[in-house]
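Peer 1: Residue numbers (our numbering): 108 to 460.
Where a beta carbon is used, it is the ideal one built from N, C-alpha and C, also for glycine.
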Amino acid sequence: MNELRIGIIGTGKRKEEGDETGYGMAHYHAKAYMDLGNCRIVACADIVRENAEAFAKAYDVPKIYSDYNEMLSRENLDIVSVCTWPRLHSRMVVDCARAGVRAVHCEKPMADTWGGAKLMFEECEKRGVQLTFNHQRRFGKPFRVARELLKAGEIGQLERLEGSCGDIYDYGTHYVDMFGFYNDEVQAEWVIGQVDYSREKLVFGAPVENHGVFLWKYKNGVFGFMGTGDAMGAVGAHNRIVGTEGVIEVGAPDGSDLRVRRKGSARWEVMDTHGEGLHGPGYIERAIADAVDALQTGREPELSARKALNATEIIFACYESSRRRAVVRLPLDVDDNPLAEMIKSGVFSRKEP
Ligand SMILES: NC(=O)c1ccc[n+]([C@@H]2O[C@H](COP(=O)([O-])OP(=O)(O)OC[C@H]3O[C@@H](n4cnc5c(N)ncnc54)[C@H](O)[C@@H]3O)[C@@H](O)[C@H]2O)c1
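#1: What number of angstroms, rounded off, separates the C-alpha of T404 from the C-alpha of K248?
#2: Could you name the residues of the same chain whose beta carbon sits closer than 6 Å to that of W375, not counting the 5 residues immediately before and after it, in chain order?
#3: Is there a C-beta anywhere in chain C that falls below 9 Å from the one on H381?
#4: Are the CB atoms of M333 and G287 within a distance shorter than 9 Å?
#5: Using 10 angstroms around the beta-carbon of N183, count the other beta-carbons present and answer buried if the total reaches 16, otherwise exposed.
#6: State the CB to CB distance for the pair H281 and R306, rounded to an integer number of angstroms; the pair is presumed to be in contact (CB under 8 Å).
#7: Are there 16 or more other CB atoms within 10 angstroms of the CB of Q264, so buried, or fewer, so exposed?
#8: Going by DSSP, what residues sit across from V211 in a beta bridge?
#9: What would DSSP say about H318, mapped onto helix, strand or coil?
#10: Tell me whether the region 398-417 and the region 258-278 touch, counting them as touching only if at least three CB pairs, one residue from each stretch, are closer than 8 Å.
#11: With C-beta atoms as the reference, is A546 less than 9 Å away from T351?
#12: Counting only the same chain and skipping the five closest in sequence on each side, list residues whose C-beta sits under 7 Å from that of E127.
#13: Helix, strand or coil for M333, going by three-state DSSP, please let me know.
#14: Between A295 and V187, what straight-line distance do the alpha-carbon atoms span, to the nearest angstrom?
#15: If we count the other Cβ atoms within 10 Å of its Cβ and call it buried at 16 or more, is E157 buried or exposed?
#16: Kindly indicate the opening and closing residues of the alpha helix (DSSP H) around A295.
#17: Determine which residues share a DSSP beta bridge with D126 and list them.
#18: Distance, Cα to Cα, P225 vs G362?
#19: Does the distance from the C-beta atom of C425 to that of V298 stay below 9 Å?
#20: Please name the residue or residues paired with N346 in a DSSP beta bridge.
#21: Since I believe P314 is in contact with L111 (beta carbons under 8 Å), could you give me their beta-carbon distance rounded to a whole number of angstroms?
#22: With respect to 8 Å, is the separation between the Cβ of Y426 and the closest non-hydrogen atom of ligand 1 below this value?
#23: Three-state secondary structure (DSSP) at E376?
#24: If we require 3 or more residues per run, which beta strand (DSSP E) segments fall completely within the region 127-185?
#25: Which residues mark the beginning and the end of the alpha helix (DSSP H) in which R413 is found?
#26: Is the closest heavy atom of ligand 1 to the C-beta of P408 under 8 Å?
#27: Taking DSSP's pairing of strands, which residues face Y325 in a bridge?
#28: Quick check: what's the CA-CA separation for E335 versus R181?
#29: Between R406 and A165, what straight-line distance do the alpha-carbon atoms span, to the nearest angstrom?
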């Protein structure tokens, strides 16, 4: 079988400890491609020459570009990984699709506006380009076993999904997406939410709320709830799956990665996740292997844009609900980033009389 030609946009800089000013995610993507026998990274593009050079040296990449569009037009790429900050994702994915690549694996969150997220989805759909987003935790044991327990009826019927993390947009995209994984990718019907943005908070260049409370209802009657910032304590677990007769927690308050209170039992049972935690190991490798396999077999990838779009709509609808001070019914009918627009308009600096 022919080797797939891989290109990387945004090589980043490898760091021992990544943070919200740079993780060097491209290095994780590179390792995942290199683990596969049928992929070859043939080119990379970065506006910072030294980042691209270090990347090319580490993974034996023959060509470096400072203009990613030049790379797209010259390299006849099969798959491109987009590993830049969120405000660049939509434009870059659209450029990849228009340049004729077969698949794009883009970092989360999808885009910095709801309109941008829809555009990248539509452009790829129209051109038959496979688009995936790196919500790699769908491949993690704690999350997978949690879903298996739910599907096996161990907690009765699903009633509510709860999550907590620092913010709903950047970190939270993993968990709103995970709720789709637990809840059969059902779309939401309505959303209500409130945010606080008393001080500047940027994650990978994008503004995120300081604190937030968000509630939504899926079309199958299941509720989603998320507390962010100081409201994380209202949930306590990273993910809680509440059923009519039991509860499952992923990233539980007792420090376990997965525990269950099965129907008929009053006790928590800690489950073995075979050394896999909330972050890995091996999740990005599996995510990219799945995207490559899906491209070759023509099936829908686990991390498809269709699924990511469901989560992204909920996230922007949560911000829109805060702006409107009202329930927002989906489909979402604004295209901007309501949080960014509220910040610009100065609503958070207004003092009540
Ligand atoms: N999946 C996860 O668990 C996870 C974890 C951390 C970060 N992320 C996401 O990964 C994405 C990338 O974050 P990062 O921290 O790896 O980034 P980074 O800062 O480490 O690297 C981004 C690179 O993009 C380059 N760049 C900027 N503009 C460019 C352009 N026009 N053309 C080409 N290159 C350009 C920069 O020079 C930089 O080298 C973000 O969306 C972030 O949310 C995902």
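Peer 2: Taking the geometry as given:
#1: Going by the C-alpha atoms only, they are around 24 Å apart.
#2: Same-chain partners within the cutoff: R366 and R368.
#3: Absent here is chain C; the protein component of the structure consists of one chain.
#4: The Cβ atoms of G287 and M333 lie no closer than 9 Å to each other.
#5: With fewer than 16 neighbouring CB atoms inside 10 Å of its own CB, N183 falls in the exposed class.
#6: Not confirmed; about 24 Å, so no contact.
#7: By the neighbour-count definition (other C-beta atoms within 10 Å, threshold 16), Q264 is an exposed residue.
#8: The bridge partners DSSP lists for V211 are V187 and L238.
#9: Looking at H318 - three-state DSSP - the assignment turns out to be strand.
#10: Contact annotation: the region 398-417 does not touch the region 258-278, with fewer than three C-beta pairs closer than 8 Å.
#11: Outside the modelled stretch of the chain, which goes from 108 to 460, sits residue 546, for which no answer is possible.
#12: Counting only Cβ-Cβ distances below 7 Å, and skipping sequence neighbours, we find V310 and F311.
#13: Three-state DSSP puts M333 in a strand.
#14: The straight-line gap from Cα to Cα measures roughly 30 Å.
#15: E157 is exposed by the Cβ-count criterion.
#16: Counting along the chain, no alpha helix (DSSP H) covers A295; the unbroken beta strand (DSSP E) around it starts and ends at A295 to D303.
#17: According to DSSP, residue pairing for D126 in a beta bridge involves G129.
#18: According to the sequence shown, residue 225 is Lys rather than Pro. G362 has its alpha-carbon roughly 38 Å from the corresponding atom of K225.
#19: In this structure, V298 lies closer than 9 Å to C425 by Cβ.
#20: Looking at the DSSP output, N346 sits in a beta bridge with G270 and V357.
#21: Wrong, their Cβ atoms sit about 36 Å apart, outside the cutoff.
#22: Outside the cutoff, so no.
#23: Looking at E376 - three-state DSSP - the assignment turns out to be strand.
#24: Those beta strand (DSSP E) runs which fall completely within the region 127-185 and span 3+ residues are 146-152 and 170-172.
#25: Residues A412 to R431.
#26: Because no heavy atom of ligand 1 lies under 8 Å away, the Cβ of P408 does not count as near it: no.
#27: Y325 is bridged to A295.
#28: For the sequence presented, residue 335 should be read as Thr rather than Glu. Straight-line measurement puts the Cα of R181 at about 44 Å from the Cα of T335.
#29: Taking the straight line joining both Cα atoms gives about 32 Å.
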